[in-house]
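Colleague: In this note's numbering, the protein residues as written are 912 to 1183. We put the beta carbon where it would ideally sit given N, CA and C, even for glycine. Structure incoming, see below.
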């Protein structure tokens, strides 16, 4: 009886597996790669230990500049923490120098300053346009905030039908007694018939008298003339007819005034 020869079994030696190479496992969605191929490091990337050693070398070589930078940052942070916060402030207009009553404000007379909110007076002025060309109703000191009551109001700028006339009086000291808003009668030496007032008696046979050139004129401003001693300059609000009379009287002699009270009476004479 003859026995049939069995087919040889596949070799399972390691050499045969090595020669066969990596095997792919069938998968419903396609071939499946061996798990050993995942997570493999790039052949060009340095090992983790080498990267850590390079970083340590970088720090060691630059430890002094880095230490100085860290110290500077620490100091800056400490100063920022210790510095008190900037208090709030409000911009207002103040006098740039000492200003006398009646000065017509210009760009050199006013500047902007920042004050604490609780130091700002009521109705303080903040725009230069609100002061330009406006006369002061009272004297102010350098650095003093300007408010609406420090300036001559629109009601004192002259009423309709009037003109603003600069008038120079004989006595500058007498002119300084006046303030914007005062009302005066302008007097001149009497040269013709008309209303007149007696002047102080000089002891002569004929006491001097003066005539009223313009009555009830409103003082608008008293410009700052510095050390000018040629007379006191005032800006008056008068009618066009009174302006012509004042100009004619000033051409022939000195002018003076009497101040009116609230009741309309004359209380003082500004004569030289």
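Does residue 1014 come out as helix, strand or coil in the three-state DSSP assignment?
Modeller: Residue 1014 falls in the coil class under three-state DSSP.
Colleague: Please state whether DSSP places residue 1092 in a helix, a strand or coil.
Modeller: Three-state result, residue 1092: coil.
Colleague: Going by C-alpha distance, which of 1172, 1133, 968 and 1158 is nearest residue 1083?
Modeller: Looking at the Cα atoms, 1133 is the closest of the given residues.
Colleague: Thinking C-alpha only, which one of 1100, 1156, 1171 and 1055 is nearest residue 1009?
Modeller: Out of 1100, 1156, 1171 and 1055, 1055 has the C-alpha closest to the C-alpha of residue 1009.
Colleague: Three or more C-beta pairs under 8 Å: does that hold for the stretch 1080 to 1094 against the stretch 1038 to 1053?
Modeller: Yes, the stretch 1080 to 1094 touches the stretch 1038 to 1053.
Colleague: Hey, residue 1079 and residue 1143 are a contact pair by Cβ (cut 8 Å); roughly how many whole angstroms apart?
Modeller: Confirmed, Cβ separation roughly 7 Å.
Colleague: In or out: residue 1020 buried (at least 16 other Cβ within 10 Å) or exposed?
Modeller: It is buried - the Cβ of residue 1020 has at least 16 other Cβ atoms within 10 Å.
Colleague: Buried or exposed: where does residue 970 fall if 16 or more other Cβ atoms within 10 Å of its Cβ makes it buried?
Modeller: Looking at its Cβ environment, which holds fewer than 16 other Cβ atoms inside 10 Å, residue 970 is exposed.
Colleague: Name the DSSP bridge partner or partners of residue 1072?
Modeller: For residue 1072, which the question treats as bridged, DSSP gives no partner whatsoever.
Colleague: How many Å lie between residue 950 and residue 963 at the Cα?
Modeller: Bear in mind that a pLDDT of 46 at residue 950, under 50, signals an unreliable position, so the number given afterwards is only what the model happens to contain. Each residue's alpha carbon lies about 20 Å from the other.
Colleague: With DSSP collapsed to three states, give me the class of residue 1002.
Modeller: In the structure shown, residue 1002 sits in a strand (DSSP, three-state: E or B).
Colleague: Check whether the Cβ atoms of residue 1026 and residue 1000 lie closer than 9 Å to each other.
Modeller: Contact: yes.
Colleague: Would DSSP call residue 988 helix, strand or coil?
Modeller: Here residue 988 sits in helix by DSSP.
Colleague: Let me see if you follow: with CB-CB separation under 9 Å, is residue 1046 close to chain C or not?
Modeller: Reference to chain C is not applicable here, since this structure consists of a single protein chain.
Colleague: Could you work out which residue in 1004, 1042 and 1165 is closest to residue 1053 when comparing CA atoms only?
Modeller: The shortest C-alpha separation from residue 1053 is found at 1004.
Colleague: Which word fits residue 960, buried or exposed, when buried means at least 16 other C-beta atoms lie within 10 angstroms of its C-beta?
Modeller: The residue is exposed, with fewer than 16 neighbouring Cβ atoms inside 10 Å.
Colleague: Excluding the five sequence neighbours on either side, which residues of its own chain have a C-beta within less than 6 Å of the C-beta of residue 1096, listed in chain order?
Modeller: For residue 1096, where only same-chain residues beyond five positions count, the Cβ hits under 6 Å are 1123, 1126 and 1169.
Colleague: At what residues does the beta strand (DSSP E) containing residue 1143 begin and finish?
Modeller: From DSSP, the beta strand (DSSP E) with residue 1143 extends over 1143 to 1149.
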